[in-house]
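Below: the structure, in C-alpha cells.
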Ligand SMILES: Cc1cc2nc3c(=O)[nH]c(=O)nc-3n(C[C@H](O)[C@H](O)[C@H](O)COP(=O)(O)OP(=O)(O)OC[C@H]3O[C@@H](n4cnc5c(N)ncnc54)[C@H](O)[C@@H]3O)c2cc1C
C-alpha cells in the first residue's frame with residue numbers, strides 16, 4: 001500500500017484478544033468477526049487499490065450496542081472505522097490495522113413511513129434503493145440515486161453526502177435528509193434535525209451530512225419522500241464533438257431548463273457501456289448526452305422539444321426520445337453500469353470525482369486527453385454534466401508494477417486541474433483517503449485547522465475514522481498553536497501522516 005495511514009499502536013495490537021472478548025460481551029453470537037478470512041472480506045471498500053485487514057469486525061444489531069462499543073473503544077483508546085455497504089470510492093471505509101471495523105449492515109430496518117408528513121425513518125444499513133422500493137406502490141420515491149443504489153446504505157449516503165443522476169433537479173443527500181440520530185464517541189445518542197422543515201436549535205444537520213464517519217455514527221435517518229413525477233422522458237443525443245455536447249449543456253441551463261438529470265459520456269465510456277448493456281447507444285459519436293425531463297406530460301413534451309432544438313443547433317447527429325418507461329430505463333442502464341463496464345478495457349479503474357464550472361468542460365476534457373498521453377494510461381469519462389461533476393475513470397492494471405502509482409499521479413493531476421479552473425476536489429464521493437493529501441490545494445492551513453476544531457469538538461481523542469479527510473491530523477490540545485512559520489512546522493514530534 002503506497003498510502004500513508006496512522007501508525008498502528010503496538011499496545012492495541014498486543015491487546016487484540018482482550019478487545020475481541022470485550023466486543024463479544026457487547027454483541028453476542030455471530031456479531032464479532034475475528035478470524036482472518038472473515039476479516040479479509042472487509043479489507044477494502046470500492047477503492048480497491050488500498051487494502052488493510054482490520055483488527056476485528058463488529059456488526060451490532062442495535063443502537064445501544066453501537067453506543068456501548070464506542071464507549072468501550074473510547075475508554076480503551078481503540079480507533080473505530082464505521083462502514084455501511086463498503087461501496088465508497090474514496091476509501092472512506094478503509095480499515096486500520098489497529099482499528100475496530102464497525103459495520104452497520106445489520107441495522108437494516110425501515111422503522112416508519114409517514115405519507116402525511118412525506119417522510120421515511122430508516123436505520124442506516126437500509127439500502128438507498130430499498131427506500132424507493134418501499135414507497136413506490138403509493139406513488140412516492142427517495143430522490144438521490146447514486147449508481148450504486150442497489151447496494152449502498154443510507155448511512156453511507158449521509159456520511160458521503162451522496163448524489164446521483166437526479167440530483168441536478170432534486171438536490172443531493174443533504175437536501176433530502178431531514179434528521180439523523182447520531183451516536184457520539186462518548187456513547188451519547190443525539191437527534192439532529194426533525195420532521196418539520198425548520199426544527200429548533202442550531203442547524204447542525206449540514207455538519208453531519210458529509211462528515212465521512214469522523215464525527216459520530218449515524219444510527220437512524222429521516223428522509224424526505226417525493227411524489228413520483230407524472231411523466232419522465234429521456235432524450236439520448238450523440239454529438240460529433242465533446243465541445244458540441246458541452247455547449248448544448250450550457251445552453252439548456254441558460255434557457256432556464258432544469259432537467260431531472262443531464263449526463264454525458266465520452267467515446268471510450270460509450271463503447272464500454274454499449275458492449276455491457278446493448279441498449280443501442282450510437283458508436284460513431286465522441287460524446288453522448290442523456291437528458292431527462294420530468295413533470296406533467298405537457299411540460300415534458302414542451303421541454304423535450306426545446307432541448308432537442310438546442311441539441312440540433314449544437315450539432316447533435318443522433319437524437320432519440322424514449323417512447324415508454326422501458327426505453328427510458330434502458331437509456332439510463334448504460335450510464336448506470338458505466339463503472340463496471342470499463343472492466344472490459346482494463347482490470348482496474350481509479351474513479352476520480354472533481355467538480356468544475358460547466359463552461360470549462362471542453363477545455364478540461366482536452367487537457368485530460370493530453371494528460372492521458374503523458375501518463376500513458378487511458379481514461380473513460382462519465383459525468384454529471386448538469387452540475388459539472390466529472391468522473392474520469394483512469395484505467396490501469398494493478399498487476400503491472402508502477403501502474404497504480406501512475407494512476408494515482410494522473411488522478412491527482414486531474415483534481416489539481418479541477419481546482420485550477422475554479423472547481424473543487426470533490427463532487428459526491430467524499431474525500432476519504434483518496435483526496436486527503438490534496439486538501440491543501442483547496443484549503444489553507446487555517447481553513448483545515450478550523451475544520452479540525454469541529455472534529456475535536458465531537459471526537460477529542462481522534463478515534464473515529466482517523467487517516468481520512470485531514471492530510472495532517474493535529475492533536476486537539478495542540479491545535480490552536482499549529483502554525484507553519486517559514487516552512488517550520490511546530491511540534492515536529494507529533495505524528496503526522
Ligand atoms: C459502481 C459504483 C457507483 C457509484 N455511483 C455513485 C454515484 O452515482 N453517486 C455517489 O454519490 N456515489 C456513488 N458511488 C460511491 C458510493 O456508493 C457512495 O459514496 C455511498 O454513499 C457509500 O455508501 P456505503 O454504504 O457503501 O458506505 P461505505 O463505503 O461503507 O462508507 C462510506 C463512508 O461513510 C462512513 N459511514 C458509513 N456508514 C456510516 C454510518 N452509519 N455512520 C457514520 N459514518 C458512516 C464510512 O466511515 C465511510 O467514511 C458509487 C460506487 C460504486 C462502487
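Numbering (full-length UniProt numbering), first residue to last: 1 to 497. Beta carbons: idealized from backbone N, C-alpha and C, even for Gly.
Taking 7 angstroms as the cut-off, one finds at least one heavy atom of ligand 1 near enough to the beta carbon of residue 152. Nearest neighbour of residue 19 by Cα position, chosen from 56, 42, 46 and 226, turns out to be 56. Contact between residue 439 and residue 392 fails: their C-beta atoms lie close to 19 angstroms from each other, not under 8 angstroms. Annotation for residue 126: no alpha helix (DSSP H) segment contains it, and DSSP assigns it neither H nor E. With a beta-carbon spacing of about 6 angstroms, residue 224 and residue 118 fall inside the 8 angstroms limit used to define contacts.
Contact check for residue 141 against residue 197 fails: the beta carbons are separated by 8 angstroms or more. Buried is the label assigned to residue 247, since at least 16 other Cβ atoms lie within 10 Å of its Cβ. Residue burial annotation: residue 311 is buried, with at least 16 other C-beta atoms found within 10 angstroms of its C-beta. At a cut-off of 7 angstroms, the beta-carbon of residue 433 does not count as near ligand 1: no heavy atom of the ligand is closer than that. Secondary structure note for residue 169: its alpha helix (DSSP H) is the uninterrupted segment 167 to 170. Excluding five sequence positions before and after residue 91, the CB atoms of its chain that fall closer than 6 angstroms to its own CB belong to 47, 50, 432, 433 and 434, given in chain order.
Taking the Cα positions, residue 413 is about 43 angstroms away from residue 65. If you check the CB distance, residue 289 and residue 331 do not come in under 8 angstroms. When DSSP states are grouped into helix, strand and coil, residue 300 belongs to the helix group. Counting of Cβ neighbours within 10 angstroms places residue 354 among the buried residues, the total reaching 16 or more. The segment 291 to 299 makes no contact with the segment 108 to 115: fewer than 3 CB pairs, one atom from each, lie closer than 8 angstroms. Less than 8 angstroms separates the beta-carbon of residue 304 from that of residue 235. From the listed residues 361, 265, 186 and 327, the smallest Cα separation to residue 72 is found for 186. The beta carbon of residue 164 lies closer than 6 angstroms to those of 144, 145 and 146 in the same chain, with the five residues before and after it left out. In this structure, residue 266 and residue 380 form a Cβ contact; the two beta carbons are roughly 7 angstroms apart against a cut-off of 8 angstroms.
Here the distance from the Cβ of residue 83 to the nearest heavy atom of ligand 1 is below 7 angstroms.
With a cut-off of 7 angstroms, the C-beta of residue 160 is classified as near ligand 1, since at least one heavy atom of the ligand falls inside that distance. For residue 294, the enclosing beta strand (DSSP E) stretches over residues 287 to 295. Per DSSP, residue 476 is not a residue of any beta strand (DSSP E), being assigned neither H nor E.
Per the coordinates, the alpha-carbon of residue 462 lies some 13 angstroms from the alpha-carbon of residue 96. In this structure, residue 169 has its CB at a distance of at least 7 angstroms from all heavy atoms of ligand 1. Placement of the Cβ of residue 156 at a distance of less than 7 angstroms from at least one heavy atom of ligand 1 is found. DSSP places residue 63 inside the alpha helix (DSSP H), whose first and last residues are 63 to 76. Contact check between the segment 27 to 41 and the segment 155 to 173: fewer than three CB pairs, one atom from each, fall below 8 angstroms, which does not count as touching.
Looking from the CA of residue 115, the closest CA among 215, 206, 134 and 366 belongs to 134. DSSP places residue 351 in no alpha helix (DSSP H) but in the uninterrupted beta strand (DSSP E) bounded by 348 to 351. Contact between the segment 397 to 406 and the segment 330 to 349 is present, with at least three C-beta pairs closer than 8 angstroms. Every alpha helix (DSSP H) stretch that sits fully inside the segment 357 to 414 and reaches 4 residues is listed by chain position as 361 to 375. In this structure, the alpha-carbon of residue 473 lies about 21 angstroms from that of residue 209. Under the Cβ criterion (8 angstroms, minimum of three pairs), the segment 164 to 174 does not count as touching the segment 448 to 465. At least one heavy atom of ligand 1 lies closer than 7 angstroms to the C-beta of residue 124.
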